[in-house]
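First the structure, in the form of structure tokens, and then the observations on it.
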Amino acid sequence: MKMLINVAETVVADALRGMAAAHPELTVDVENRVIVRRDAPVAGKVGLVSGGGSGHEPLHGGFVGPGMLSAACPGEVFTSPVPDQMVRAAAAVDSGAGVLFIVKNYTGDVLNFDMAAELAEDEGIQIAKVLVDDDVAVTDSLYTAGRRGTGATLFVEKIAGAAAEEGRPLERVEALARQVNENSRSFGVALSACSTPAKGSPTFDLPPGELELGVGIHGEPGRERRAMMTSREIADFSVNAVLEDMNPRNPVLVLVNGMGATPLLELYGFNAEVQRILVDRGVPVARTLVGNYVTSLDMAGASVTLCQVDEDLLRLWDAPVRTAGLRWGM
Amino acid sequence: MLDADFFRRWMTATAASVEHEAERLTALDSPIGDADHGSNLQRGFRAVATALEKEEPGTPGAVLMLAGRTLISTVGGASGPLYGTLLRRTGKALGDAAEVDEAEFAQALRTGVDAVVQLGGAAPGDKTMIDALLPAVDALGRSFAAARSAAEEGALATTPLQARKGRASYLGERSIGHQDPGATSSAILIAALAETAGE
Numbered sequence: 001m002k003m004l005i006n007v008a009e010t011v012v013a014d015a016l017r018g019m020a021a022a023h024p025e026l027t028v029d030v031e032n033r034v035i036v037r038r039d040a041p042v043a044g045k046v047g048l049v050s051g052g053g054s055g056h057e058p059l060h061g062g063f064v065g066p067g068m069l070s071a072a073c074p075g076e077v078f079t080s081p082v083p084d085q086m087v088r089a090a091a092a093v094d095s096g097a098g099v100l101f102i103v104k105n106y107t108g109d110v111l112n113f114d115m116a117a118e119l120a121e122d123e124g125i126q127i128a129k130v131l132v133d134d135d136v137a138v139t140d141s142l143y144t145a146g147r148r149g150t151g152a153t154l155f156v157e158k159i160a161g162a163a164a165e166e167g168r169p170l171e172r173v174e175a176l177a178r179q180v181n182e183n184s185r186s187f188g189v190a191l192s193a194c195s196t197p198a199k200g201s202p203t204f205d206l207p208p209g210e211l212e213l214g215v216g217i218h219g220e221p222g223r224e225r226r227a228m229m230t231s232r233e234i235a236d237f238s239v240n241a242v243l244e245d246m247n248p249r250n251p252v253l254v255l256v257n258g259m260g261a262t263p264l265l266e267l268y269g270f271n272a273e274v275q276r277i278l279v280d281r282g283v284p285v286a287r288t289l290v291g292n293y294v295t296s297l298d299m300a301g302a303s304v305t306l307c308q309v310d311e312d313l314l315r316l317w318d319a320p321v322r323t324a325g326l327r328w329g330m
Numbered sequence: 001m002l003d004a005d006f007f008r009r010w011m012t013a014t015a016a017s018v019e020h021e022a023e024r025l026t027a028l029d030s031p032i033g034d035a036d037h038g039s040n041l042q043r044g045f046r047a048v049a050t051a052l053e054k055e056e057p058g059t060p061g062a063v064l065m066l067a068g069r070t071l072i073s074t075v076g077g078a079s080g081p082l083y084g085t086l087l088r089r090t091g092k093a094l095g096d097a098a099e100v101d102e103a104e105f106a107q108a109l110r111t112g113v114d115a116v117v118q119l120g121g122a123a124p125g126d127k128t129m130i131d132a133l134l135p136a137v138d139a140l141g142r143s144f145a146a147a148r149s150a151a152e153e154g155a156l157a158t159t160p161l162q163a164r165k166g167r168a169s170y171l172g173e174r175s176i177g178h179q180d181p182g183a184t185s186s187a188i189l190i191a192a193l194a195e196t197a198g199e
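Laid out in structure tokens, this is it:
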């Protein structure tokens, strides 16, 4: 697999140096791997810290800025960051109003953020945590690490970010973040495997004529492998899987998310199918976002996330945001 | 009796083995994980070797606690907290003693493994590092060599199991037929221990 890299060991650091050069509105600590909005800590504002393995860009560093995250900690590729990074991030963004950790449900992320929360609290920083676990493809959560955190992470970070920007206190921001997660469901498919820089070749074997239904953001499967289907069939399968698990009475936010190697031409076509099903099923759509937001390196494929919103959540979704990966209203 | 130097040599031997086996660990982690177990542990144990050289902790407990802290700070993923906790809690259980006997060490390692069980929530047979570590601790009462064999057998015995913890668990039945990379690296850690003891 050809990659635009120097050596695998420096991939994350190289990307951070490039990000720093492109985004002077961010403070990028390349050595300690923490990305912080330039004006942090903002007086009276709850800090929002997220992080996880690299390879999911723009998640999370691309979502740091006014209206969204205060800081992000990128780990090695597909490997959660270490507690030191999170503690450093929390200290950089805490104005005394406390810090919310937004954690995707993967064993490594959960363990490291738990350790970081203890350490940060020892330093006198008030910490709250929210676990994102929106992936309905994981069915037997009794015998797995539970539902994975995928596309809903973007909804949680954006809406909680807007609430924090308004000056809501930590427990309210935390409760809101939890509500957004509970209102959200996702399902993903892979058309090809991804290649990590450390391995240099596809991390799993997916023959050209087949697709994997129910993947997570590292390509981990959830349901089954089938012969390649049309965009319409994939949308039917994915949206039905989501709607089997939620019964939206309110309008929904729709995220049609690319996994990294699927062009927008295909994603928009896929979105047309997703919207057709939602109309057929009588689910009103409040807003739609189409693009590569929670990616898996060079994996081809897409995920669908729906988030049921009330007026407050929709207003917070529409609130201004200025980050590298998501930007509107300012 | 085992002194600080013995534990330093154990950690250095582990670092050398991980260096040597990194590619195999990553290959094992490829079909059922995300193909980085070898490179992650390599980064961690390189840092452990450097930290031990720089700080030169004087007791067995201090050596293992420093090694554990270093792993937590450098590895990430699930392996960082799990291996870090294993060594840190084993070291903590050894206390301030300048030397420990083999029975005391076996008891301390059991405390460390228990802490890993508690942190990760895995039970025997879930296809994790526990499947190598628990048999090793049980055999450590007999000899270091027995612990090494038990850990290696435990790692091999994960092949037919279905993963129930960690990222491989999402594969369900498709995790069957692959040796668990975590159990394999645990066997490497225990093999380095036996090697250090000259067994």
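Read top to bottom, the protein sequences are chains F and Z. The opening residue of the first sequence carries number 1 in UniProt numbering; numbering runs sequentially from there. The opening residue of the second sequence carries number 1 in UniProt numbering; numbering runs sequentially from there. By construction, the Cβ of each residue, glycine as well, lies at the ideal position given by its N, Cα and C atoms. Please read these numbers as outputs of a predicted model, since none were measured by experiment.
Considering Cα atoms alone, identify which of F:215, F:1, F:38, F:153 is closest to residue 101 of chain F.
By one-based count along the first sequence, residue 101 of chain F stands at place 101. If we check each option's Cα against that of residue 101 of chain F, F:153 comes out closest.
Grab the span of the alpha helix (DSSP H) containing residue 271 of chain F for me, first residue to last.
In the first sequence, counting from the first residue as 1, residue 271 of chain F sits at position 271. Taken as a continuous stretch (DSSP letters only), the alpha helix (DSSP H) holding residue 271 of chain F covers 264-280.
Suppose contacts are defined by Cβ-Cβ distances below 8 angstroms. Is residue 219 of chain F in contact with residue 190 of chain F by that definition?
Translated into the one-based positions of the first sequence, residue 219 of chain F becomes position 219. Translated into the one-based positions of the first sequence, residue 190 of chain F becomes position 190. Taking a C-beta distance under 8 angstroms as the contact criterion, residue 219 of chain F and residue 190 of chain F qualify as a contact pair.
Alpha carbon to alpha carbon, how far is residue 267 of chain F from residue 231 of chain F?
Working through the first sequence from its first residue, we reach residue 267 of chain F at position 267. Working through the first sequence from its first residue, we reach residue 231 of chain F at position 231. Whole-angstrom Cα-Cα distance: 9 angstroms.
Three-way DSSP call (helix, strand, coil) for residue 73 of chain Z in this model
Sequence index remark: in the second sequence, residue 73 of chain Z carries index 73 (1-based). Residue state, collapsed to three classes: helix.
Taking 8 angstroms as the threshold, find out whether the region 43-51 of chain Z comes into contact with the region 33-45 of chain F through three or more Cβ pairs.
The region 43-51 of chain Z vs the region 33-45 of chain F: no contact.
Element boundaries [beta strand (DSSP E), containing residue 213 of chain F]
As a first step, residue 213 of chain F is located in the first sequence; it is residue number 213 there, counting from the start. Element bounds for residue 213 of chain F: 210-213.
Are the CB atoms of residue 81 of chain F and residue 76 of chain Z within a distance shorter than 8 angstroms?
Against the second sequence, residue 76 of chain Z aligns to sequence position 76. Against the first sequence, residue 81 of chain F aligns to sequence position 81. In terms of Cβ geometry, residue 76 of chain Z and residue 81 of chain F form a close pair [threshold 8 angstroms].
Cβ neighbour criterion (16 or more within 10 Å) applied to residue 184 of chain F
Counting from 1 along the first sequence, the entry for residue 184 of chain F is found at position 184. Looking at its Cβ environment, which holds 16 or more other Cβ atoms inside 10 Å, residue 184 of chain F is buried.
Kindly indicate if chain F contains any beta-carbon less than 8 angstroms away from that of residue 170 of chain Z.
The residue you call residue 170 of chain Z lines up with position 170 of the second sequence. At a cut-off of 8 angstroms, the C-beta of residue 170 of chain Z has a neighbouring C-beta in chain F.
Rounded Cβ spacing between residue 259 of chain F and residue 302 of chain F (contact assumed at less than 8 angstroms)
Along the first sequence, read from residue 1 onward, the residue named residue 259 of chain F stands at position 259. Along the first sequence, read from residue 1 onward, the residue named residue 302 of chain F stands at position 302. Rounded, the Cβ-Cβ distance is 6 angstroms, consistent with contact.
Classify residue 118 of chain Z as buried or exposed, calling it buried when 16 or more other Cβ atoms lie within 10 Å of its own Cβ.
Taking the first residue of the second sequence as 1, we reach residue 118 of chain Z at position 118. Exposed, by the Cβ-count rule.
Shorter than 8 angstroms from the beta carbon of residue 203 of chain F to some beta carbon of chain Z?
Position 203 of the first sequence holds residue 203 of chain F. So yes, residue 203 of chain F belongs to the interface.
Pick from F:109, F:119, F:104 that is closest to residue 132 of chain F, judged by C-alpha positions:
What you label residue 132 of chain F is simply residue 132 of the first sequence in a count that begins at 1. Selected option, being the one with the closest Cα: F:104.
Residue 186 of chain Z: which of Z:51, Z:9, Z:87 sits nearest, CA to CA?
For the purposes of this step, residue 186 of chain Z is taken as the residue at position 186 of the second sequence. With respect to the C-alpha of residue 186 of chain Z, the residue from Z:51, Z:9, Z:87 having the closest C-alpha is Z:87.
Exposed or buried, what is residue 61 of chain Z when buried is set at 16 or more other beta-carbons lying within 10 Å of its beta-carbon?
The residue given as residue 61 of chain Z occupies position 61 in the second sequence. Buried, because 16 or more other Cβ atoms sit within 10 Å of the Cβ of residue 61 of chain Z.
Using a Cβ-Cβ cut-off of 8 angstroms, state whether residue 159 of chain Z counts as contacting chain F.
Your numbering for residue 159 of chain Z matches position 159 in the second sequence. Judged by the 8 angstroms Cβ criterion, residue 159 of chain Z is not in contact with chain F.
So residue 126 of chain F and residue 149 of chain F are supposed to be a Cβ contact under 8 angstroms. How far apart are they, rounded?
As a working mapping, residue 126 of chain F is identified with position 126 in the first sequence. As a working mapping, residue 149 of chain F is identified with position 149 in the first sequence. Not confirmed; about 23 angstroms, so no contact.
Could you check how far apart the C-beta atoms of residue 254 of chain F and residue 288 of chain F are, in whole angstroms? I think they sit under 8 angstroms.
To locate residue 254 of chain F, count along the first sequence from 1; it is residue 254. To locate residue 288 of chain F, count along the first sequence from 1; it is residue 288. The Cβ separation is near 4 angstroms, so the contact holds.
Partners in chain F for residue 26 of chain Z, counting only beta-carbon separations shorter than 8 angstroms:
As a first step, residue 26 of chain Z must be located in the second sequence, where it is residue number 26. Residues of chain F with a Cβ closer than 8 angstroms to the Cβ of residue 26 of chain Z are, in chain order, 198, 199.
Distance between residue 58 of chain Z and residue 10 of chain Z (C-alpha atoms, nearest Å):
The residue labelled residue 10 of chain Z in the question sits at position 10 within the second sequence. The residue labelled residue 58 of chain Z in the question sits at position 58 within the second sequence. Approximately 15 angstroms, taken between the alpha carbons.
Pull up the DSSP beta-bridge partners for residue 101 of chain F, would you.
If you number the first sequence from 1, residue 101 of chain F lands on position 101. Answer is F:49, F:129.
Along chain F, which residues have their Cβ under 8 angstroms away from the Cβ of residue 180 of chain Z?
The residue given as residue 180 of chain Z occupies position 180 in the second sequence. Neighbours of residue 180 of chain Z on chain F: none; closest Cβ ~14 angstroms, over 8 angstroms.
How long is the line joining the alpha carbons of residue 317 of chain F and residue 291 of chain F, rounded to whole angstroms?
Stepping through the first sequence from its first residue, residue 317 of chain F is reached at position 317. Stepping through the first sequence from its first residue, residue 291 of chain F is reached at position 291. Those two C-alpha atoms are separated by around 17 angstroms.
Measuring straight from C-alpha to C-alpha, what distance separates residue 193 of chain Z and residue 221 of chain F?
As a working mapping, residue 193 of chain Z is identified with position 193 in the second sequence. As a working mapping, residue 221 of chain F is identified with position 221 in the first sequence. Spanning the two alpha carbons is a distance of roughly 37 angstroms.
Run down chain Z in chain order and give the residues with a C-beta less than 9 angstroms from the C-beta of residue 112 of chain F.
Here the question's residue 112 of chain F lines up with position 112 in the first sequence. In chain order, 72, 76, 77, 78, 80, 81 make up the part of chain Z whose C-beta sits under 9 angstroms from the C-beta of residue 112 of chain F.
Let me make sure I understand the geometry here. Which of F:38, F:155, F:161 has the alpha-carbon closest to that of residue 252 of chain F?
Residue numbering aside, residue 252 of chain F sits at position 252 when the first sequence is read from its first letter. For residue 252 of chain F, the nearest C-alpha among the options comes from F:155.
Let me see if you follow: with CB-CB separation under 8 angstroms, is residue 14 of chain F close to chain Z or not?
What you label residue 14 of chain F is simply residue 14 of the first sequence in a count that begins at 1. False, the Cβ-Cβ gap to chain Z never drops below 8 angstroms.
Between the CA atoms of residue 237 of chain F and residue 138 of chain F - distance to the nearest angstrom:
If you number the first sequence from 1, residue 138 of chain F lands on position 138. If you number the first sequence from 1, residue 237 of chain F lands on position 237. A straight line joining the alpha-carbon of residue 138 of chain F with that of residue 237 of chain F spans about 15 angstroms.
Tell me whether residue 85 of chain F sits in a helix, a strand or coil according to DSSP, three-state version.
On the first sequence, residue 85 of chain F is found 85 positions in, with the first residue counted as 1. Under the three-state reduction of DSSP, residue 85 of chain F is assigned to helix.
Measure from the alpha carbon of residue 148 of chain Z to the alpha carbon of each residue in Z:65, Z:159, Z:135, then state which is nearest.
Translated into the one-based positions of the second sequence, residue 148 of chain Z becomes position 148. Nearest in C-alpha terms to residue 148 of chain Z, of all of Z:65, Z:159, Z:135, is Z:135.
Going along the region 263-285 of chain F in order, which residues come within less than 8 angstroms of chain Z, judged by CB to CB distance?
Residues passing the 8 angstroms Cβ filter: none.
Measure the alpha-carbon distance for residue 137 of chain Z versus residue 126 of chain Z and round it to whole angstroms.
What you label residue 137 of chain Z is simply residue 137 of the second sequence in a count that begins at 1. What you label residue 126 of chain Z is simply residue 126 of the second sequence in a count that begins at 1. Cα to Cα, residue 137 of chain Z sits roughly 18 angstroms from residue 126 of chain Z.
Simplified DSSP state of residue 137 of chain F, which is helix, strand or coil:
Locating residue 137 of chain F in the first sequence gives position 137, where the first residue counts as 1. Correct three-state label for residue 137 of chain F: coil.
Is residue 17 of chain F near residue 30 of chain F, with beta carbons less than 8 angstroms apart?
Walking along the first sequence from the start, residue 17 of chain F turns up at place 17. Walking along the first sequence from the start, residue 30 of chain F turns up at place 30. A distance below 8 angstroms separates the beta carbons of residue 17 of chain F and residue 30 of chain F.
With a cut-off of 8 angstroms, does the C-beta of residue 84 of chain F fall near any C-beta of chain Z?
Within the first sequence, the letter at position 84 stands for residue 84 of chain F. Chain Z contact via Cβ: present.
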